[in-house]
Amino acid sequence: MSASSRRALCASIALAIAGAWSPVFAQSDAPAALPSAAPDRASVGSLESVTVSGTKRDELAQDVPIALSAISASQLANTFRTDILAVSDLSPGVQLGQVPGFRAVAGGIRGTGQNGILTTQDSSVVLLLDDFALTSVQSQFVEMFDVDRVEIYRGPQGTLFGKSATGGAISIVTKRPEMNEFSGAIEGQIGKFDSKGGGMIGKGKLALNIPVVDDKLAFRFTALYDYDDGFFRNDKAASAFPDNIPIYSLYGLPTANPPLPPELNTAKKGGGERLNGTDTFASKFKVLFTPTDHYEAYFIFEFLRDRSEAVPGVNETPALGQIDSGVTRLSNGTFVRNNPSVFTLARLGFDGIHTTGQTDVYSTGTTNNCPGGSAFCQTKGHRVSVEAYNLQQQLTYDSFNLKLITAYRHTTEILPDTYTGEAFLSLFDSSRNTTRNSVQVELRGSTTFDGPFNFVSGLVYTYDKTDMLAYSTVGLSSLLPQTDTALGNPANGNPFLDDRGFINLNLDYINDPTMTGARQKRNTYAIYADGHYDITDRLRFTLGGRYTFDEKTFFRRANAGGPCTANTPARDQVTVGGVCLDKRSNTISRVGGGFTIADADPHNLPLPDSAFGINNTFHDNWDKLTWRAVLDYQAWDDAMVYASYSTGFIPGGFTETCSSITTCAPYESETNWNAETGIKARFFDQTLQTNLSFYYTRYSNLVRSQVVPFTDPFGLTTQETTNINAGKSRNLGVELEATWVPTNDLRFDFTVGFMDHKYLEFMLGGQDLSDLSVPFSPRWKVSAGVTYDMLVGNAGTLTWNTSVNYTSESESSVFNSLYTQYSDRTLWDASVTWRDLNERYRVTAYVKNILDERYRTGANSVAGLWNFTMWGRPREFGAEFGVKF
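First residue of the sequence shown? That's 6 in my numbering, and the numbers climb one at a time after it.
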């Protein structure tokens with residue numbers, strides 16, 4: 006067993022042993038009768054009445070005329086994972102995956118989502134963590150622990166949640182401190198991934214609730230340590246390189262055994278170590294202060310330290326000549342269908358895993374590129390730190406509640422990765438390093454009048470400053486032959502061979518990292534009001550609106566083309582219009598004075614702005630009035646029918662990876678509207694609950710990210726990611742959630758989601774692409790679960806749980822490129838839990854993905870250069886231990 010595996014095992018066992026002794030010092034209780042629904046497990050025997058707060062007021066979920074899923078702590082616990090992807094299979098219409106190369110959220114709700122890591126772009130689903138809004142897909146990949154419930158609101162929520170909620174909202178509500186009660190819980194988990202590269206899993210959780218002053222002051226402390234060894238292996242070998250490099254035929258050079266220079270490191274396979282391991286510590290400290298009956302202050306401090314390994318990508322580049330049934334953008338800007346593949350990676354001898362006949366999707370490659378320092382080091386993995394402060398104050402008098410939320414969140418990220426899935430040093434290694442500071446202030450008032458009219462209204466201000474820089478080595482360019490002239494060498498007959506007879510290669514692209522950067526400051530102001538009027542005892546009308554003003558100032562530093570300096574070698578000097586320009590002005594070597602990448606600051610570029618070909622500031626603003634109207638009718642005591650119309654929008658913005666003045670120009674806001682009708686009902690003496698909704702959604706000014714070739718002024722072709730507004734779509738769907746508890750010890754859960762999402766218009770480069778499939782829109786999503794409680798004499802209870810989740814295939818790529826589809830998959834999980842009669846001790850054995858499905862959860866096709874993907878977790882089995890005191 007590896008040292009890391011032993012750490013995971015010891016951490017989990019230590020927590021379990023510590024917890025086992027805790028009750029010895031706690032007050033003992035006499036054995037109690039078997040409860041029908043323990044607080045930490047699925048409610049077996051009755052239907053819960055869950056109170057939700059995402060509507061800015063506390064309401065029973067069954068009384069809210071919105072398609073929403075209220076996910077309990079026990080339902081989350083049955084997923085045996087703590088990241089945000091745990092909720093993906095717990096609600097219809099939700100399609101969440103992982104961006105290849107990052108711990109970031111891909112996908113969204115009801116056919117929305119993105120598959121990139123642009124820090125300046127808003128997601129289509131807003132995620133709220135104890136009322137603090139996160140709209141960046143990297144920030145949204147949160148650890149969930151000590152959770153009271155998760156509320157998922159499907160469909161545009163522009164009135165209640167504001168911008169960046171065209172798909173909906175996910176609200177995570179953690180547990181508050183409890184007055185007058187000392188309590189605690191310790192949990193440990195140990196498990197293993199069942200794959201060739203599968204390592205150990207270890208988790209530990211701690212929660213302490215400490216009363217300080219009766220009815221006045223209480224603390225709560227919670228912590229999570231999440232560790233695993235990963236389930237990928239660094240053991241994929243290059244398919245042909247360096248023995249055969251097909252692209253060399255274009256230069257009149259031999260493709261078989263080409264004479265490569267000896268200074269080129271031709272190692273083509275990693276060391277076989279495990280990849281994608283998790284190493285995260287997170288904690289929260291909470292204070293609840295209620296000095297009077299009318300005032301309360303609730304403070305949350307959050308800390309996160311993530312030192313996980315870099316997230317690998319799997320090379321699924323199509324073979325040369327393989328027909329791509331999707332759309333390919335050519336270097337001249339035109340789009341073609343069914344085009345033979347000419348991906349650069351395959352032409353260099355690095356074929357994708359399917360091409361080489363490889364069947365292990367967890368076999369990939371990553372470099373050991375670590376030139377020193379902390380700014381750019383693949384082997385140090387991802388380093389993310391978060392500190393967050395959230396103060397919520399409430400003043401309540403009779404029928405009026407006033408709430409003030411003041412929150413601040415500071416995040417630093419260093420995210421190195423090998424995006425190609427190859428171990429060669431290097432084809433494309435990069436580190437995206439980001440600092441983000443966010444402030445949110447919201448003043449909210451709500452009423453609980455006895456009369457027919459009640460409302461909630463508020464003012465919101467948010468500030469966000471993001472500073473991103475990237476260090477990169479684009480080794481792809483180093484493998485392309487150069488001429489003697491380009492390298493400043495004397496001619497010797499063959500312009501592509503040096504005077505030793507080796508192929509002329511410019512290894513600066515490997516050894517001399519480039520730099521880029523972007524910075525954005527953002528201010529958002531919003532005012533909203535949402536009120537409902539009881540027309541009769543059974544009929545209610547709701548009307549709400551929100552006005553949002555969003556302004557952004559964007560600064561971009563990118564590309565070579567700065568003026569020549571004393572550090573510019575003669576071979577990189579080009580005279581344009583009588584001015585000497587540097588072809589590699591944005592590289593580490595241009596700092597001079599012996600400065601190397603080991604000296605670089607992770608969050609401050611060492612070159613002046615003038616060293617970059619693009620160093621421009623852009624400013625723009627967007628505003629929008631979003632609104633909703635709802636009519637709901639209480640058909641009988643346990644049934645409500647409703648009809649609603651709602652709107653949402655994602656503000657326009659700037660693409661942080663732009664490479665020209667044209668592509669750095671802002672794109673416009675994406676908008677949508679949704680017409681929906683539904684019924685929420687309970688039958689058979691409160692034993693069957695069914696929530697059914699039908700919706701029709703129209704999206705306009707769709708924002709689409711595309712990775713396209715970019716040729717700089719010196720003729721070097723790379724790639725850039727740009728955002729554009731590309732058309733319209735419509736989505737027609739049905740969603741059903743049902744729970745049946747026929748007896749006190751048996752529960753059935755069932756969900757089904759169907760969507761038919763199509764483009765109405767999709768124009769790019771003057772070409773109609775509207776027949777493509779819309780990303781993140783699986784036609785079917787079905788889940789079923791059974792929970793059974795049984796009493797085992799005086800020995801306690803056994804709770805059996807099993808669930809099956811099916812999701813049909815969907816696209817992740819805008820262009821529906823080959824090997825970028827989310828796989829259809831059927832995930833079957835099962836667990837059995839023993840509890841003592843006092844609900845103090847718990848032991849669980851579980852298996853996830855029993856069928857050992859292999860399925861993609863993300864993919865990115867990079868502008869004709871390569872294609873890399875992310876794959877879901879293999880079969881996993883393990884045990885959990887829990888103690889309450």
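All C-beta atoms, glycine included, are put in the ideal place defined by N, C-alpha and C. Computed from a predicted model, the values in this text were never measured in an experiment.
Does DSSP put residue 92 in a helix, a strand or coil?
Taking the sequence shown and counting its residues from 1, the one referred to as residue 92 is at position 87. Three-state DSSP puts residue 92 in a helix.
As a quick exercise: from 256, 285, 470, 177, pick the residue whose alpha carbon is nearest that of residue 487.
The count along the sequence shown starts at 1 and reaches residue 487 at position 482. Checking every option, the nearest Cα to that of residue 487 belongs to 256.
Considering only C-alpha positions, which residue in the set 811, 794, 404 is nearest to residue 805?
Mapped onto the sequence shown, residue 805 falls at position 800. Cα-wise, what sits closest to residue 805 is 794.
Beta-bridge pairing of residue 561 - partner residues as DSSP gives them
Residue 561 sits at position 556 when you count from the first residue of the sequence shown. In DSSP, residue 561 forms a bridge with 523, 621.
Determine the direct distance from the alpha carbon of residue 55 to that of residue 67, and round the result to whole angstroms.
Taking the first residue of the sequence shown as 1, we reach residue 67 at position 62. Taking the first residue of the sequence shown as 1, we reach residue 55 at position 50. Distance between the alpha carbons of residue 67 and residue 55: 8 Å.
Assuming residue 676 is part of the beta strand (DSSP E), what are its boundary residues?
On the sequence shown, position 671 is the one that residue 676 refers to. Start and end: 675 to 688.
Under a three-way DSSP split, which group does residue 603 fall into?
Translated into the one-based positions of the sequence shown, residue 603 becomes position 598. Reduced to three states, the DSSP call for residue 603 is helix.
By DSSP's criteria, residue 793 is part of a beta bridge. Which residues make up the other side?
Translated into positions along the sequence shown, residue 793 becomes position 788. Per DSSP, 751, 805.
Of the choices 888, 138, 177, whose alpha-carbon is the least far from that of residue 155?
For this step, residue 155 is matched to residue 150 along the sequence shown. Here the closest residue by C-alpha is 177.
With 16 as the cutoff for other CB atoms within 10 Å, does residue 762 come out buried or exposed?
One-based indexing of the sequence shown puts residue 762 at position 757. Buried.
Name the residue from 801, 164, 709, 731 whose alpha carbon lies nearest to the alpha carbon of residue 120.
One-based indexing of the sequence shown puts residue 120 at position 115. The shortest C-alpha separation from residue 120 is found at 709.
Take residue 454 and list the residues in its own chain whose beta-carbon comes closer than 8 Å to its own, dropping the five residues that flank it on each side.
As a working note, residue 454 is residue 449 in the sequence shown. 404, listed in sequence order.
List in chain order: all unbroken alpha helix (DSSP H) runs of 4+ residues lying wholly within the segment 229 to 283.
none
Skipping 5 residues on each side, what residues in its chain have a beta carbon closer than 6 Å to that of residue 444?
Counting from one through the sequence shown, the residue named residue 444 turns up at place 439. Counting only Cβ-Cβ distances below 6 Å, and skipping sequence neighbours, we find 413, 468.
Quick one: what does DSSP say residue 514 is sitting in, helix, strand or coil?
Here residue 514 refers to the residue found at position 509 when the sequence shown is read from its first residue. In this structure, residue 514 counts as helix in the three-state DSSP scheme.
Let's test the definition: count the other Cβ atoms within 10 Å of the Cβ of residue 382 and tell me whether it reaches 16, buried, or not, exposed.
Locating residue 382 in the sequence shown gives position 377, where the first residue counts as 1. It is buried - the Cβ of residue 382 has at least 16 other Cβ atoms within 10 Å.
What three-state label does DSSP hand residue 38 in the structure shown?
By 1-based counting over the sequence shown, the position of residue 38 is 33. Here residue 38 scores only 36 on pLDDT, less than 50, and its place in the model is too uncertain to base an answer on.
Enumerate in chain order the residues of its own chain whose CB-to-CB distance from residue 577 is below 6 Å, with the five nearest sequence positions on each side excluded.
Locating residue 577 in the sequence shown gives position 572, counting from the first residue. Same-chain partners within the cutoff: 587, 588, 589.
Expressed to the nearest angstrom, what Euclidean distance is found between the alpha-carbon atoms of residue 682 and residue 698?
Stepping through the sequence shown from its first residue, residue 682 is reached at position 677. Stepping through the sequence shown from its first residue, residue 698 is reached at position 693. Going from the Cα of residue 682 to the Cα of residue 698 covers about 6 Å.
Just list the beta strand (DSSP E) runs in the segment 362 to 421, keeping only unbroken ones of 3 residues or longer that don't cross its boundaries, in chain order.
388 to 402
In the DSSP assignment, the alpha helix (DSSP H) including residue 80 goes from what residue to what residue?
Counting from one through the sequence shown, the residue named residue 80 turns up at place 75. Unbroken alpha helix (DSSP H) run through residue 80: 78 to 82.
Three or more C-beta pairs closer than 8 Å, one from the segment 170 to 185 and one from the segment 131 to 144: is that the case here?
yes
Between which residues of its own chain and residue 90 is the CB-CB distance below 6 Å, once the five residues before and five after are set aside?
Looking up residue 90 in the sequence shown gives position 85. Exclusion of the five residues before and after residue 90 leaves 101 as the residues of its chain whose Cβ lies within less than 6 Å of its Cβ.
In three-state DSSP terms, what is residue 817?
Position 812 of the sequence shown, counting from 1, holds the residue named residue 817. Collapsing the DSSP output to three states places residue 817 in coil.
What distance in whole Å lies between the Cβ atoms of residue 425 and residue 475, which are believed to be in contact at a cut-off of 8 Å?
For the purposes of this step, residue 475 is taken as the residue at position 470 of the sequence shown. For the purposes of this step, residue 425 is taken as the residue at position 420 of the sequence shown. Incorrect: roughly 16 Å between the Cβ atoms, too far for contact.
Report the option in 317, 300, 110, 88 whose CA atom is closest to the CA atom of residue 230.
The residue you call residue 230 lines up with position 225 of the sequence shown. Residue 88 is the option with its Cα nearest to residue 230.
Give me the DSSP bridge partner(s) of residue 728.
For the purposes of this step, residue 728 is identified with residue 723 of the sequence shown, where counting begins at 1. Note: residue 728 sits in a beta bridge opposite 710.
Classify residue 76: buried if its beta carbon has 16 or more other beta carbons within 10 angstroms, exposed otherwise.
For the purposes of this step, residue 76 is taken as residue 71 along the sequence shown, with counting starting at 1. So residue 76 counts as buried.
Output needed for residue 889: all residues of its chain with C-beta closer than 6 Å, excluding positions within five of it in sequence on either side, in chain order.
Counting from 1 along the sequence shown, the entry for residue 889 is found at position 884. Counting only Cβ-Cβ distances below 6 Å, and skipping sequence neighbours, we find 190, 845.
With DSSP collapsed to three states, give me the class of residue 758.
Your numbering for residue 758 matches position 753 in the sequence shown. Strand, per DSSP.
C-beta contact flag for residue 635 and residue 537 at 9 Å:
Working through the sequence shown from its first residue, we reach residue 635 at position 630. Working through the sequence shown from its first residue, we reach residue 537 at position 532. For residue 635 and residue 537, yes; Cβs fall inside 9 Å.
How is residue 490 classed by DSSP in three states: helix, strand or coil?
By 1-based counting over the sequence shown, the position of residue 490 is 485. Note: residue 490 maps to helix in three-state DSSP.
Three Cβ pairs or more, each shorter than 8 Å: is that satisfied between the segment 58 to 73 and the segment 160 to 174?
yes
Rounded to a whole number of angstroms, what is the C-alpha to C-alpha distance between residue 801 and residue 838?
Against the sequence shown, residue 801 aligns to sequence position 796. Against the sequence shown, residue 838 aligns to sequence position 833. Going from the Cα of residue 801 to the Cα of residue 838 covers about 10 Å.
Start-to-end residues for the beta strand (DSSP E) that takes in residue 209:
Locating residue 209 in the sequence shown gives position 204, where the first residue counts as 1. Run containing residue 209: 205 to 218, per the beta strand (DSSP E) assignment.
What would DSSP say about residue 878, mapped onto helix, strand or coil?
Along the sequence shown, one-based indexing puts residue 878 at 873. Residue 878: coil per DSSP, three-state reduction.
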